[in-house]
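Notes for the one structure printed next.
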Amino acid sequence: LIDTPGAYPGLEAEERGQGEAIARNLYEMMLLKVPVICIIIGEGASGGALGIGIGDKVFMLENTWYSVISPESCSSILWRSWDFKERAAEALKLTAKDMLGNKLIDGIIKEPLGGAHANPAVMYKKLRTELKKNLTKLGKMKVEKRTQERIDKFSSMGVVVK
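Residue numbers (the numbering used here): 1268 to 1429.
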């Protein structure tokens, strides 16, 4: 379950090997022999989210976002101000609908009226159903096939669909 503002963007973090740690995690998650399902349940920002977002299936709750950078950080880099964060968010195409349209996730899990926090019991039931369904399918696959499909899936990402 992914809900993170992301990795710390400072020089100290880079000096301590944050980039290598994220890359190593991506590599290791690609090769896991067990089924892996990732669900973005809130904020999915930066290397913090990307570093743990390698799954056979990746889902997002409908009101969450997933991006290599937060809209605020993007706005401050491009326009030297947080005032353009909405414009940055639109350009980043970070919504669940955008991610599905660009084939970066496998599905969107609908939230109860008012959002996941408004009715946790209903949300837990939806998550449980989705997890059981996908774990059953993934568990029936041969380990080598499942691992190779995971590698192929992430290796083919990068083409933006308009």
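Idealized CB from N, CA, C, for every residue including glycine.
Check: For the 8 Å Cβ check, are there 3 or more pairs between the stretch 1384 to 1403 and the stretch 1352 to 1367?; Outcome: no
Check: Does the Cβ-Cβ distance between GLU1329 and GLU1378 come in under 8 Å?; Outcome: yes
Check: Tell me whether SER1219 is buried or exposed, calling it buried when 16 or more other Cβ atoms sit within 10 Å of its Cβ.; Outcome: Missing from the structure shown is residue 1219; the chain here goes from 1268 to 1429 and no further.
Check: Under a three-way DSSP split, which group does THR1362 fall into?; Outcome: strand
Check: If you draw a straight line from the alpha carbon of LEU1293 to that of ILE1418, how long is it in whole angstroms?; Outcome: 10 Å
Check: Roughly how many whole angstroms lie between the Cα atoms of PRO1272 and LYS1409?; Outcome: 35 Å
Check: Return the Cβ separation of ILE1308 and TYR1333 in integer angstroms, given the expectation that the two are a contact with Cβ distance under 8 Å.; Outcome: Not quite, the Cβ-Cβ distance comes to about 11 Å (not below 8 Å), so this is no contact.
Check: Given a cut-off of 8 Å on the beta-carbon distance, is the pair GLY1315 and ALA1274 in contact?; Outcome: yes
Check: Quickly, what does DSSP pair GLY1381 with across the bridge? List them, please.; Outcome: In DSSP, GLY1381 forms no bridge with anything.
Check: Helix, strand or coil: which one does DSSP assign to LEU1239?; Outcome: This structure does not reach residue 1239, given that the chain is present from 1268 up to 1429, and the question cannot be answered.
Check: Would you kindly report the start and end of the unbroken alpha helix (DSSP H) that includes THR1396?; Outcome: 1387 to 1406
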